[in-house]
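Protein chains in written order, with this note's numbering: chain P, 1 to 421; chain U, 1001 to 1126.
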């Protein structure tokens, strides 16, 4: 059930009719999710675990159920492997601080790709600087839009962590699925004993994630990019690693015994969730997962979004001067976003290299079409591609082909207007 | 809000920026760069008796940043340093005659930032 048929579950579309193509930033929320959050505050608001009264028991039950259902969603072997965080950014910072500081030493290597979102770059940059480790990069071949694995020593005995994105928030798919590139890469990392973190912020909303099959050690994703509330996300930590990971924060709820001098921690997940958690958001997150489980077949969603990408690519390529960023073949097969730049704008009274992405986005906004323009929190990638900013259309279950037709029509209008021809 | 965003006057300033180009032997030279979108403004001024007599600027970026800079520079010729340093975001918005949300406001203020930074430095060095 996609497009118009699912759109009716999202109240924002009837409250404010618009075309929403900024789903890679955040998705809209179905009414059931909005209601679940409000329902918590109006009918069983209380703190979890500590109260022995009915309200607190209900809240605790719902909170624990949420962990069960979200851990099943990514096929974790055990619910204790699923830690609630404020989102992907906190999940990755969590691993850098609570595992990295203890386990990565001077001279060790951390391997990431050139296409990472700042959230999966900056924590490793900082960790490497703190402990004297080396941050290395899997390069992007910008002719063919493929990650380069030519260097034989990219993964070696010094590699302690591989932290990679599953889908780029600028380019879409970056791994060659046909050759099982990601899977064999993870295998190679395992062989040298490196841990693997997968940034699934852009994949968990769009395809079936199976942490056991992927065989990753850490996996991070956000609720708000998949129908859930903001301020909540998850970090999967493989059970065997729970003892190697320190508490990210210490305080209430996560302790066994506390004296004035020392304390002992509980087991995961309590050990990793100090203080009162965002209970309402967790309940909203679980409701979002339930909404997806009930209404969406993720394999079909991926196909549907890929069809939208194919159509958008086809139409964009008809426009003179439009350059699409990323591997088009992979986008057509399993993408959910299309980023592009437009040549031939004006600057200082003369023709410049490009029509500014912000101007295109603002022009589209005048017709109630929401798209993203900028470097999409991947500045080094933008520099590598030599584009200051690009326009991004990113799709989700409720988008329709007819919306792309409308957006393309207005895009053409905006280009003519901004080029001034 | 944005329905009148790209009105004629704004587009005219974008395509035909006033006071464009660098000045020879400027008293003030200052640049501002927004790394989040790559927009930049470089402004030069000639100053006599604390009055900005001549302004020249070059830049790169979106319509809002470049047109707002052009309108601002045009309005500042002949003004005292003191007056220019008093200018606030509201003054730029009333010059460009459009409403902007907080995200696009940064574009509109790039020129003002460059100019005020340069003038502050000039005062300090003097």
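All C-beta atoms, glycine included, are put in the ideal place defined by N, C-alpha and C.
Being a predicted model, the structure only gives us computed values, none of them experimental.
With fewer than 16 neighbouring CB atoms inside 10 Å of its own CB, residue 102 (chain P) falls in the exposed class.
Proximity of chain U to residue 389 (chain P) at the Cβ level (cut-off 7 Å) is accounted for by 1037, 1038, in chain order. Taking a 10 Å sphere around the C-beta of residue 1035 (chain U), we find fewer than 16 other C-beta atoms and assign the residue as exposed. Residue pairing by DSSP places residue 167 (chain P) opposite P:173 in a beta bridge. Taking a Cβ-Cβ cut-off of 7 Å, the neighbours of residue 1062 (chain U) in chain P comprise 356, 358, 359, given in sequence order.
For residue 1033 (chain U), no CB of chain P lies under 8 Å from its own CB, so it is not counted at the interface with that chain. The C-alpha of residue 27 (chain P) lies about 10 Å from the C-alpha of residue 398 (chain P). Restricted to the region 277 to 331 of chain P, the beta strand (DSSP E) segments that are unbroken, complete and at least 3 residues in length are 322 to 325, listed in chain order. Three or more beta-carbon pairs separated by less than 8 Å link the region 183 to 201 of chain P to the region 162 to 173 of chain P, which places the two stretches in contact.
Per DSSP, residue 1005 (chain U) lies in no alpha helix (DSSP H) segment and is marked neither H nor E.
DSSP places residue 1034 (chain U) in the uninterrupted beta strand (DSSP E) bounded by 1028 to 1034.
Among the CB atoms of chain U, none fall inside 8 Å of the CB of residue 339 (chain P).
DSSP places residue 1021 (chain U) outside both helix and strand once states are collapsed to three, so it counts as coil.
Judged by DSSP in its simplified three-state form, residue 238 (chain P) adopts coil rather than helix or strand. Pairing residue 12 (chain P) with residue 34 (chain P), the inter-Cα distance amounts to about 11 Å.
The CB of residue 1104 (chain U) comes closer than 9 Å to the CB of 358, 362 in chain P, given here in chain order. Judged by pairs of C-beta atoms under 8 Å, the region 73 to 93 of chain P touches the region 217 to 233 of chain P, as three or more such pairs exist. Against residue 375 (chain P), the close residues of chain U are 1036, in the order they occur along the chain (beta-carbon pairs closer than 7 Å). Beta-bridge analysis with DSSP links residue 1047 (chain U) to U:1052.
Closer than 8 Å at the C-beta level to chain P, one finds these residues of the region 1091 to 1117 of chain U: 1104, 1107.
Interface residue (Cβ-Cβ distance to chain P less than 8 Å): residue 1015 (chain U) is classified as such. Residues of chain P whose Cβ lies closer than 7 Å to the Cβ of residue 1005 (chain U) are, in chain order, 362, 366.
In the structure shown, residue 385 (chain P) falls within a coil segment according to DSSP collapsed to helix, strand and coil. Taking 8 Å as the threshold, the shortest C-beta distance from residue 240 (chain P) to chain U does not fall below it.
The C-alpha of residue 312 (chain P) is placed about 16 Å away from the C-alpha of residue 24 (chain P). The continuous stretches of beta strand (DSSP E) do not include residue 99 (chain P), and DSSP gives it neither H nor E. Per DSSP, reduced to three states, the secondary structure at residue 124 (chain P) is helical. Counted as a single uninterrupted DSSP element, the alpha helix (DSSP H) harbouring residue 182 (chain P) occupies residues 181 to 191.
DSSP places residue 1037 (chain U) in the coil class of the three-state scheme, outside both helix and strand.
For residue 21 (chain P), no chain U residue has a Cβ inside 7 Å of its Cβ, as the nearest lies near 16 Å away. In the three-state scheme derived from DSSP, where H, G and I count as helix and E and B as strand, residue 230 (chain P) is classed as coil.
Taking C-alpha positions only, residue 176 (chain P) is separated from residue 32 (chain P) by approximately 37 Å. Taking 8 Å as the CB threshold, residue 420 (chain P) lines the interface with chain U. Going by DSSP, residue 1086 (chain U) is part of the alpha helix (DSSP H) stretching over 1081 to 1086. Here the region 202 to 218 of chain P does not lie against the region 259 to 266 of chain P, with fewer than 3 beta-carbon pairs under 8 Å apart.
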